[in-house]
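Heads up: the structure comes next, in structure tokens.
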Amino acid sequence: MLIGDKKKFLSMLITIKCQVNADTGDPEDELSSEALEFCGSLGSNATRVSEVAGGRDRAIHNAIQEGINRVNEKAPSNAQRVQKWIILDRDFSVPGGELGPTMKLKRPVVVKMYKEQIENFYKELASPTSPDNAVPPK
180 MLIGDKKKFL
190 SMLITIKCQV
200 NADTGDPEDE
210 LSSEALEFCG
220 SLGSNATRVS
230 EVAGGRDRAI
240 HNAIQEGINR
250 VNEKAPSNAQ
260 RVQKWIILDR
270 DFSVPGGELG
280 PTMKLKRPVV
290 VKMYKEQIEN
300 FYKELASPTS
310 PDNAVPPK
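In this text, residue positions in the sequence shown follow the working numbering: the first is 180, and each later residue adds one.
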């Protein structure tokens, strides 16, 4: 989810696709087959969201940052570049409250749920163009 309304710069909450409990609809810790394939292609042995979240797996973290760097290169201004981001511990879901019954993202709910993480993006405004998790573009 992209964040930036009334903020100094853009930031993003990222979720990793995972298995879903067929009975409850809750996201589980096991990565989906697509996510496993992606992780494997990067040389990662991660099989769980908890092994990836918060930048715990450097290969995945670096690959995501490189993708963000590619998108940012096409942005016409700094205001349209993603400056900071985090991989969340769980995927968005209907039972979790982040998604509605039609799978539409409930942005106000997500902002409230992840208020602390979002506030941390904007605490150090001295150098928003060089986030802690940045990987220099190649």
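Where is the CB? At the ideal position from N, CA and C, for every residue including glycine.
Residues sharing a beta bridge with residue i, DSSP
i	result
I266	I193
E209	R227
V199	P206
A284	Checking the sequence shown, residue 284 turns out to be Leu, not Ala. Paired residue(s): L278.
L215	Answer is none; L215 lacks a bridge partner.
Span separating the alpha-carbon of residue i from that of residue j
i	j	result
Y301	K263	9 Å
G222	Y293	30 Å
G204	S272	7 Å
G234	A254	24 Å
D268	A232	5 Å
M180	I266	11 Å
S256	D202	46 Å
P206	A242	23 Å
Contact set for residue i: own chain, Cβ-Cβ below 6 Å, skip 5 residues either direction
i	result
Q259	none
S229	D208
T194	L267, D270, F271
Residues of its chain near residue i, where Cβ-Cβ distance is below 8 Å and the 5 sequence neighbours each way are ignored
i	result
E277	F271, L284, K285, V288, V289, M292
I182	L189, S190, M191, L192, V290, I297, F300
Close Cβ partners of residue i (< 7 Å) along its chain, the five nearest in sequence each way excluded
i	result
N251	R260, V261
I247	V261, W264
R237	none
Is there contact here, the region 182-200 with the region 210-222, by at least three beta-carbon pairs under 8 Å? yes
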